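Numbering (our numbering), first residue to last: 2 to 197.
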């Protein structure tokens, strides 16, 4: 949007969800011809008051109606850009949620892969395997000694006359047959934990 010697280049920063206005030279109008605005008939008191407040104390004179109209047009364009930015952000969030829900139903592995963050390689010493297993087990479970419970002794005395079943031998072929159809990511990892 330009008036006189100066032009305003409107940049939408998608990372910070902000609209940035920068004073640029006339070359920006040649690069971005769609930012040039024409005269807009907008004399709403609120907009005019906003324009006068924004340029109070500057050397720009707002007595010329041409400059005032173009400033009002620029403000209206910025408001439209801000409204479109909000609509695009809402649409992007809704699409992301929809796609994640669909992936959760169809392919959980791809969903968990998409949620992973890049690995950060450390330069320190490698943690001990036993300490790592103990740390993660301590987060999810607490060791409890059930041998002191009275009901366990009662159940053990009642089931003393039951004949124990024959031992079952599980061969590697049985394991291979049972896990043949399971996805790779469902198996336990190096530390005995599920990797999703």
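Beta carbons: idealized from backbone N, C-alpha and C, even for Gly. Here the structure is a predicted model, which means the values were calculated and not measured.
Three-state class that DSSP yields for residue 93 in the structure shown: helix
Entirely enclosed beta strand (DSSP E) segments - the region 111–167, minimum 3 residues: Fully enclosed beta strand (DSSP E) runs of 3 or longer: not present.
Host alpha helix (DSSP H) of residue 176 (start-end): 173–179
Expected contact under 8 angstroms - CB spacing of residue 111 and residue 104 to nearest Å: Contact flag correct, Cβ pair sits at about 6 angstroms.
Residue 129 to residue 138 span [Cα, whole Å]: 14 angstroms
Proximity test, residue 133 beta-carbon vs the ligand FAD heavy atom, cut-off 7 angstroms: Ligands displayed in this structure: none; no statement on the ligand FAD is therefore possible.
C-alpha distance - residue 35 paired with residue 77, whole-angstrom precision: Note that residue 35 scores a pLDDT of 40, beneath 50, so its modelled location is shaky and nothing firm can be said.
Residue 73, buried or exposed, once every other Cβ within 10 Å from all chains shown has been counted against 16: With 16 or more other Cβ atoms within 10 Å, it is buried.
Residue 169 versus residue 180 - alpha carbon distance: 18 angstroms
Buried or exposed by the 16-neighbour rule on C-beta atoms within 10 Å, applied to residue 106: exposed
Contact set for residue 172: own chain, Cβ-Cβ below 7 angstroms, skip 5 residues either direction: Here the set comprises nothing.
Exposure label - residue 101; buried when at least 16 CB within 10 Å: Under this definition residue 101 is an exposed residue.
Where residue 86 falls: helix, strand or coil (DSSP): Here residue 86 sits in helix by DSSP.
Straight-line Cα distance separating residue 178 from residue 116: 31 angstroms
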